[in-house]
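Below: one structure, written as structure tokens.
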Amino acid sequence: MVKSTRHAKYELYYHIVFVPKYRRSHLTGKTKDRLETIFTEICEDKDLELAESEVMPDHVHLFIGSPPKNAPSLIVNWVKGISARKYNQRYDDRVKWTRSYYVGTAGSSSKGAVEQYIAEQEGGDE
1 MVKSTRHAKY
11 ELYYHIVFVP
21 KYRRSHLTGK
31 TKDRLETIFT
41 EICEDKDLEL
51 AESEVMPDHV
61 HLFIGSPPKN
71 APSLIVNWVK
81 GISARKYNQR
91 YDDRVKWTRS
101 YYVGTAGSSS
111 KGAVEQYIAE
121 QEGGDE
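In structure tokens:
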């Protein structure tokens, strides 16, 4: 769904994947449920849309919608940093994330649709 700010219409979604430190397979059971709750809290606090989340035993997949003002790297820093801090403050077991991550963009437009839109814009100011 297309959203808008005062000056922009957008539909930006990021597929984010990251892993716990040492790639330990411990993101199960209560840990998994707690992390999903924390990811939801973070997205609500930062005005992001958590479209999908899947906490696997050894990695995390998030599909997050965001306004264009937020860089993908900033979103990843928020999610990883705040989630580790909140989890470690609330619970006795610890969660640590690696420094690396994957982020991919997604939206409703295909390359062909964008090319067609740009082609249609030529000569629009005449």
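One point on numbering: in UniProt numbering, the residue at position 78 of the sequence shown is 78, and numbering is uninterrupted.
The beta-carbon is built from N, C-alpha and C at its ideal position, and this holds for glycine as well.
Practice task
Give the DSSP-derived three-state secondary structure of Y91 in the structure shown.
Solution key: coil
Handout entry: Beta-bridge partners of K18, as assigned by DSSP
Key = Reading the sequence as shown, one finds Phe at residue 18 and not Lys. Answer is V60.
Practice task
Say whether chain B places a C-beta atom closer than 8 Å to the C-beta of V95.
Solution key: No chain B is present in this structure, which holds just one protein chain.
Problem - Rounded straight-line distance, which links the Cα of G29 to that of K3 - result: 35 Å
Exercise for the section: Return the CA-CA distance between S25 and V17, expressed in angstroms with no decimal places. Expected result: 15 Å
Practice task
Could you tell me if K9 is buried or exposed, where buried requires 16 or more neighbouring beta carbons within 10 angstroms of its beta carbon?
Solution key: exposed
Practice task
Report back the beta-carbon spacing between T37 and D93 to the nearest angstrom; my notes put them in contact at under 8 Å.
Solution key: Not really, about 15 Å apart at Cβ, beyond 8 Å.
Exercise for the section: Express the C-alpha separation of Q89 and L27 in angstroms, rounding to a whole number. Expected result: 17 Å
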